[in-house]
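Enquirer: So that we are looking at the same thing, I have put the structure below in structure tokens.
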Ligand SMILES: [Zn+2]
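Numbering (our numbering), first residue to last: 126 to 440.
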């Protein structure tokens, strides 16, 4: 999936054989595959530092070409959208990797811009799903954690990059300092380097820590380690947008998302007022269908697509 622009062909969060530079919207691992082939990238400094720290893949940031602008995506710290004024073909394109309309916990707030063509993330294509008000979800996380730590341990499993740091911030705002595993602590340091203020402790003896955040894969082992040594109950927790759709195997789940739900996607589309929408991702087809029902010129984009060819062949 790429946009060609004279001397540049920009791969969009993906690997593209024709591309000579990658746009990396943010540091989540499903957006960095293009870097394995070519380290040249358009991205924020924060994304570069997070990718290098977490995925150990080198990135070489290039200067933005004149017709390109990076806009905040509101998804996670350092996340950006790509805006291209394609004078060669006479239209503008806005590509959103992942984005959210809500006030983010740690990310820079989303910026919108009018574009002729919108290439849109399709994570939540479900009109029947509405995320809860974020401030209420944050209140619930803080209330639950404070209450349960009076007599027990609260153990969160979270994505190492992004969600874990948001949870640290949410708990800090309620006066709590979580213990975090080594990988999360290393990512926290990158956040702090770029100005985020996070208070946390290293996870040494989990049975002595009332509130803990570990990478999702370590949740069960950490729970067992606490149970083996502590008489207090352990409450496992997860915070995810999927909490609206799936039942997690934890004591409690909070609907905290850093994506737009379907209704927020409609707001975003309205703010960008595109003539054509291409949806991408595993839910690209149902998402395009839902948009078409609402009168939009929307169709799914496959990862092998050259965006210009699609637009020029569009009838
Ligand atoms: Zn993401």
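Where a beta carbon is used, it is the ideal one built from N, C-alpha and C, also for glycine.
Which full runs of the beta strand (DSSP E) of 3+ residues lie inside the stretch 356-383, going along the chain?
Expert: Listed in chain order, the complete beta strand (DSSP E) runs (minimum 3 residues) inside the stretch 356-383 are 358-364 and 377-379.
Enquirer: By how many angstroms is the C-alpha of residue 234 removed from the C-alpha of residue 404?
Expert: Approximately 22 Å, taken between the alpha carbons.
Enquirer: With a floor of 3 residues, list each beta strand (DSSP E) that falls wholly inside the stretch 386-415, ordered by position along the chain.
Expert: You should have 401-405.
Enquirer: Which residues have their C-beta within less than 5 Å of a heavy atom of ligand 1, listed in chain order?
Expert: Those satisfying the condition are, in chain order, 153 and 223.
Enquirer: Check for me: the alpha helix (DSSP H) holding residue 289 runs from which residue to which?
Expert: Where residue 289 is concerned, the enclosing alpha helix (DSSP H) stretches over 288-298.
Enquirer: By the 10 Å Cβ neighbour count, where 16 or more other Cβ atoms means buried, how is residue 154 classified, buried or exposed?
Expert: Looking at its Cβ environment, which holds fewer than 16 other Cβ atoms inside 10 Å, residue 154 is exposed.
Enquirer: Inspect the CB distances between the stretch 237-245 and the stretch 394-411 and report whether three or more fall short of 8 Å.
Expert: Contact between the stretch 237-245 and the stretch 394-411 is present, because at least three Cβ pairs lie under 8 Å.
Enquirer: How is the beta strand (DSSP E) around residue 133 delimited, first residue to last?
Expert: Where residue 133 is concerned, the enclosing beta strand (DSSP E) stretches over 133-137.
Enquirer: Would DSSP call residue 211 helix, strand or coil?
Expert: Strand.
Enquirer: Can you tell me whether DSSP reads residue 193 as helix, strand or coil?
Expert: DSSP places residue 193 in strand when its eight states are reduced to three.
Enquirer: Can you name, in chain order, every residue of its own chain whose Cβ lies under 7 Å from the Cβ of residue 397, other than the five neighbours on each side?
Expert: So the list reads 219, 237, 238, 239, 240 and 243, once near-sequence residues are dropped.
Enquirer: Between which residues of its own chain and residue 156 is the CB-CB distance below 7 Å, once the five residues before and five after are set aside?
Expert: Contacts found: 138, 149, 150 and 222.
Enquirer: Span of the alpha helix (DSSP H) holding residue 179?
Expert: 170-179 is the span of the alpha helix (DSSP H), which, as asked, contains residue 179.
Enquirer: List the residues that DSSP assigns as beta-bridge partners of residue 146.
Expert: DSSP, once it has assigned bridges, lists 135 as partnering residue 146.
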